[in-house]
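Novice: First to last, the sequence lines map onto chains W and R. Residue numbers for the first sequence, in our numbering: 1 to 338. Residue numbers for the second sequence, in our numbering: 1 to 338. Note that beta-carbon positions come from the ideal geometry of N, C-alpha and C, so glycine has one too. Predicted model, so just to flag it, every value in this text is computed and none were measured. Supplied in structure tokens, the structure appears directly below.
There are 2 protein chains.
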Amino acid sequence: MISHHHGKHSIRFSNPPIIQAWSSVAGKKEGEGPLKKHFDKVILDSFFNQKSWEQAESKMQELALQILLNKSNLDIADVGLVLSGDLLNQCISSSASLSNKGIPHVGLYGACSTMAESLMLGAMIVNGGYFNHVAAITSSHFASSERQFRFPLDYGGQRPPTSQWTVTGSGGIMLCNHGSGPKIVSSTVGTVVDRGITDANNMGAAMAPAAFSTICTHLSDFNMCIDDFDYIVTGDLGELGVKALIELARQKNIDLERKILDCGLEIFDRTTQDVHCGGSGCGCSALVLCSSLLEKINAGKLKRILFCGTGALLSPTSVQQGLSIPGICHAVAIEGAT
Amino acid sequence: MISHHHGKHSIRFSNPPIIQAWSSVAGKKEGEGPLKKHFDKVILDSFFNQKSWEQAESKMQELALQILLNKSNLDIADVGLVLSGDLLNQCISSSASLSNKGIPHVGLYGACSTMAESLMLGAMIVNGGYFNHVAAITSSHFASSERQFRFPLDYGGQRPPTSQWTVTGSGGIMLCNHGSGPKIVSSTVGTVVDRGITDANNMGAAMAPAAFSTICTHLSDFNMCIDDFDYIVTGDLGELGVKALIELARQKNIDLERKILDCGLEIFDRTTQDVHCGGSGCGCSALVLCSSLLEKINAGKLKRILFCGTGALLSPTSVQQGLSIPGICHAVAIEGAT
């Protein structure tokens, strides 16, 4: 039997899965932001030649997988399975993107934590020896999300100052059981944390307690401190969520501010791009990880990060029913090749 | 290194995870059906003392987990993680049921294949040595599903003859790395198969090709034939889906009819319960597996079944856009204790 170090909620991988390749397909606005030079592809048309935004999002996942295969020099038949999910009802853009491709598919729902969730499960599957190559993919699309979660764009609803801008784009990662590259060394499975936030336009605040819980669990399970990481990367807390997280940490005498890098604050230039509190959506942390972050880790500029995917587990129905918003956060520790 | 990889899409577990306990919480109609004596609990009130059907469904998952813990003689802190998902938008009933319980949660979306999907991943996680106890849970609710996928019940829409009745209920399974009981010996990850069915009231036909594909892959990956199983159990194809599956098999000279047991045909008495083509929903295959089927396996009346969870990966949006319905089927082989 292999033996993995166990905290209560954490796993250390005995044979750390390698990130063999990563891909990023970004929307127009994302392609005008600070990370523009780092994306594999920027799609200028929000419909991406499809009839609907949902299909456009699906097409972005298809392209992210294709780029991933090209970069890994793999055929689709070489991939053991694709772990993927998205924000759309019934995760339709993920399943549609794999339709009739003959590739095994495991569908996930973790809201904006999906990139971390799929990496965590993918690492378990590769490290467990079940499949040699596993792809982790996710996406979001501003227009399909706004219509589903808030208002149709045509309605012209005003966005409150606490809101975040759903990222249009898809990111993918190919995990492999051998080779060189950044590796996933450990992971912490998140718990559902609900502190009573009911405002669907303030998701950062809803997710911050879950992020703090998972970060603390990871550090405690491995007897580490925040200085063991170059960055604690949070999914998409945005300005208010990051403030809430830093305050939660301060109450426990942890100075998290100097270590936090929030993907929601990285993806857009908030001074010129009018996104209020920052970016959000499954595509947000996926695009940031699958562009500049993995590049820096691969180039040796970052040695170790804790990638904390955060998700707000609301639905339009639960919001209409006045229910509070549960949050979740899954963490994976990624190290550079040594 | 352990080596599990068998066929291209299949895994044989080197240390087959044990099904330590199972639980079933059924709705009123299900509790009046042929399996009534086998359920742990029948809930007569469709609201289950909650304010909405969505919350009632969530409460059913909570109860299924509680019964599972009682039967396994485990505390919630002993459980490594809960794998769960459901049909509701953003899988809200699954995440809400675990809110603030402090238990690690991995959210899945596999439509009505969720019970099989969660068992498959759970078996990988337990067999991989990551956690000793993993719970796999799912649910569906007739009223929350009808409102979301078709019409509000108050509208009184007529159900076409091809339709199936979404099961109200929740089923759960506790997987464990030691002990005695039925065990999961192997699994096949499904691929997304779309043969162009666009009628959301004929989901059996949409899922049958995916079921046939996964059954063939499992048999071929392990060099087995259908006679190696007491039953090939399909999730919820219903009358038309089963007919379509049998016909697909006949074209390949396989006489599947004598081996098929469809959960959609087992859960209700179709002569008296007015459910048209049978049952459906994540709760359908979960309730059938977590009652009479596991009882029979545990009692030695069945030696080996192939449990094939089938899912129709449609969304109301994709249906409104006229898109066809992709299907998926994940299979787990379950054997009695030997």
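What's the gap between the Cα of Pro326 (chain W) and the Cα of Ala244 (chain W)?
Specialist: As a position in the first sequence, residue 326 (chain W) is number 326, starting the count at 1. As a position in the first sequence, residue 244 (chain W) is number 244, starting the count at 1. Approximately 15 angstroms between the Cα atoms of the pair.
Novice: Determine, using beta carbons only, whether Cys216 (chain R) and Asp236 (chain R) come nearer to each other than 8 angstroms.
Specialist: For the purposes of this step, residue 216 (chain R) is taken as the residue at position 216 of the second sequence. For the purposes of this step, residue 236 (chain R) is taken as the residue at position 236 of the second sequence. Taking 8 angstroms as the Cβ cut-off, Cys216 (chain R) and Asp236 (chain R) do not qualify as a contacting pair.
Novice: Using the beta-carbon of each residue, which ones in chain W are nearer than 9 angstroms to Ile18 (chain R)?
Specialist: Start at 1 with the first residue of the second sequence, and residue 18 (chain R) comes out as number 18. The contacting residues do not exist; Ile18 (chain R) stays about 15 angstroms from chain W at best.
Novice: For a cutoff of 8 angstroms on Cβ pairs, would you count Asp236 (chain R) as touching chain W?
Specialist: Within the second sequence, residue 236 (chain R) is the residue found at index 236, counting from 1. By this cut-off, Asp236 (chain R) is not an interface position.
Novice: Is the beta carbon of Lys59 (chain R) less than 8 angstroms from the beta carbon of Phe48 (chain R)?
Specialist: Start at 1 with the first residue of the second sequence, and residue 59 (chain R) comes out as number 59. Start at 1 with the first residue of the second sequence, and residue 48 (chain R) comes out as number 48. In this structure, Phe48 (chain R) lies closer than 8 angstroms to Lys59 (chain R) by Cβ.
Novice: In terms of alpha-carbon separation, which member of W:Gln320, W:Ser315, W:Leu289 lies closest to Glu334 (chain W)?
Specialist: Here residue 334 (chain W) is taken as the residue at index 334 of the first sequence, counted from 1. The sequence given here has Ile at residue 334 (chain W), not Glu. Considering only alpha carbons, the answer is W:Leu289.
Novice: Taking 8 angstroms as the CB-CB cut-off, is Asp194 (chain W) touching chain R?
Specialist: Here the question's residue 194 (chain W) lines up with position 194 in the first sequence. Yes, its Cβ sits closer than 8 angstroms to a Cβ of chain R.
Novice: Bridge partners for Leu261 (chain R) per DSSP, in chain order?
Specialist: Position 261 of the second sequence, counted from the start, is the residue given in the question as residue 261 (chain R). Answer by DSSP bridge pairing, in chain order: R:Val233.
Novice: Could you name the residues of the region 77-94 of chain W whose beta carbon sits closer than 7 angstroms to any beta carbon of chain R, in the order they occur along the chain?
Specialist: Under the 7 angstroms Cβ criterion, the region 77-94 of chain W contributes Leu81, Gly85, Leu88, Asn89, Gln90, Cys91, Ile92.
Novice: For Asp86 (chain R), which residues does DSSP report across the bridge?
Specialist: Here the question's residue 86 (chain R) lines up with position 86 in the second sequence. R:Ser139.
Novice: Using a Cβ-Cβ cut-off of less than 8 angstroms, list which residues of the region 44-69 of chain R approach chain W; keep chain order.
Specialist: Per Cβ criterion, the list reads Lys51, Ser52, Glu54, Gln55.
Novice: Between Ala337 (chain W) and chain R, is any beta-carbon pair separated by less than 8 angstroms?
Specialist: The count along the first sequence starts at 1 and reaches residue 337 (chain W) at position 337. Not an interface residue.
Novice: Rounded to a whole number of angstroms, what is the C-alpha to C-alpha distance between Ala116 (chain W) and Asn298 (chain R)?
Specialist: Here the question's residue 116 (chain W) lines up with position 116 in the first sequence. Here the question's residue 298 (chain R) lines up with position 298 in the second sequence. Each residue's Cα considered, the two are about 37 angstroms apart.
Novice: Among R:Ile254, R:Ser315, R:Ala136, which one has its Cα closest to the Cα of Gln148 (chain R)?
Specialist: For this step, residue 148 (chain R) is matched to residue 148 along the second sequence. Comparing Cα-Cα distances from Gln148 (chain R) to each of R:Ile254, R:Ser315, R:Ala136, the minimum goes to R:Ser315.
Novice: What are the start and end residues of the beta strand (DSSP E) that includes Glu32 (chain R)?
Specialist: For the purposes of this step, residue 32 (chain R) is identified with residue 32 of the second sequence, where counting begins at 1. Glu32 (chain R) -> no beta strand (DSSP E), and no H or E assigned at all.
Novice: If you check the beta carbons only, do Gly171 (chain W) and Ser23 (chain W) fall under 8 angstroms apart?
Specialist: Counting from 1 along the first sequence, the entry for residue 171 (chain W) is found at position 171. Counting from 1 along the first sequence, the entry for residue 23 (chain W) is found at position 23. Yes, these two residues count as a Cβ contact at 8 angstroms.
Novice: Residues in its own chain within less than 8 angstroms of His178 (chain W) by CB, not counting five upstream and five downstream?
Specialist: What you label residue 178 (chain W) is simply residue 178 of the first sequence in a count that begins at 1. Ile18, Asn132.
Novice: Mind checking if Glu117 (chain R) is an interface residue toward chain W, Cβ cutoff 8 angstroms exclusive?
Specialist: Here residue 117 (chain R) refers to the residue found at position 117 when the second sequence is read from its first residue. With 8 angstroms as the cut-off, Glu117 (chain R) counts as an interface residue toward chain W.
Novice: Cβ closer than 9 angstroms: which chain W residues qualify as neighbours of Pro316 (chain R)?
Specialist: Walking along the second sequence from the start, residue 316 (chain R) turns up at place 316. Ordered by position in chain W, the residues that pass the 9 angstroms Cβ test against Pro316 (chain R) are Asn89, Gln90.
Novice: Any chance the region 192-200 of chain W sits against the region 132-146 of chain W, with 3 or more Cβ pairs inside 8 angstroms?
Specialist: No, because fewer than three Cβ pairs between the region 192-200 of chain W and the region 132-146 of chain W fall closer than 8 angstroms, the two stretches do not touch.
Novice: What does the Cβ neighbour count give for Ser97 (chain W), buried or exposed, with the cut at 16 atoms within 10 Å?
Specialist: Position 97 of the first sequence, counted from the start, is the residue given in the question as residue 97 (chain W). Ser97 (chain W) should be labelled buried.
Novice: In whole angstroms, what separates the C-alpha of Val396 (chain R) from that of Ala210 (chain R)?
Specialist: A query on residue 396 (chain R) cannot be resolved here, the shown segment of chain R reaching from 1 to 338 and no further.
Novice: Tell me the residue span of the beta strand (DSSP E) that contains Val106 (chain R).
Specialist: Here residue 106 (chain R) refers to the residue found at position 106 when the second sequence is read from its first residue. Counting along the chain, the beta strand (DSSP E) containing Val106 (chain R) begins and ends at 105-107.
Novice: Under 8 angstroms, Cβ to Cβ, is there at least one residue of chain W near His4 (chain R)?
Specialist: Start at 1 with the first residue of the second sequence, and residue 4 (chain R) comes out as number 4. Because the pLDDT of His4 (chain R) is 43, which lies under 50, any placement of that residue in the model is unreliable, and the number read from its coordinates should be weighed accordingly. Yes, because at least one Cβ of chain W sits closer than 8 angstroms to the Cβ of His4 (chain R).
Novice: Whose Cβ in chain W lies nearer than 7 angstroms to the Cβ of Leu98 (chain R)?
Specialist: Against the second sequence, residue 98 (chain R) aligns to sequence position 98. Going along chain W in sequence order, the residues near Leu98 (chain R) (Cβ under 7 angstroms) are Val192.
Novice: If the criterion is Cβ atoms closer than 8 angstroms, does the pair Ala249 (chain R) and Leu256 (chain R) meet it?
Specialist: In the second sequence, counting from the first residue as 1, residue 249 (chain R) sits at position 249. In the second sequence, counting from the first residue as 1, residue 256 (chain R) sits at position 256. Yes; because the gap between Cβ atoms is below 8 angstroms, this pair is in contact.
Novice: With DSSP collapsed to three states, give me the class of Val189 (chain W).
Specialist: For the purposes of this step, residue 189 (chain W) is taken as residue 189 along the first sequence, with counting starting at 1. Note: Val189 (chain W) maps to coil in three-state DSSP.
Novice: Can you give the beta carbon distance from Gly122 (chain R) to Leu175 (chain R), rounded, assuming they're within the 8 angstroms contact cut?
Specialist: If you number the second sequence from 1, residue 122 (chain R) lands on position 122. If you number the second sequence from 1, residue 175 (chain R) lands on position 175. At roughly 5 angstroms, the Cβ-Cβ gap stays under 8 angstroms, so Gly122 (chain R) and Leu175 (chain R) are in contact.
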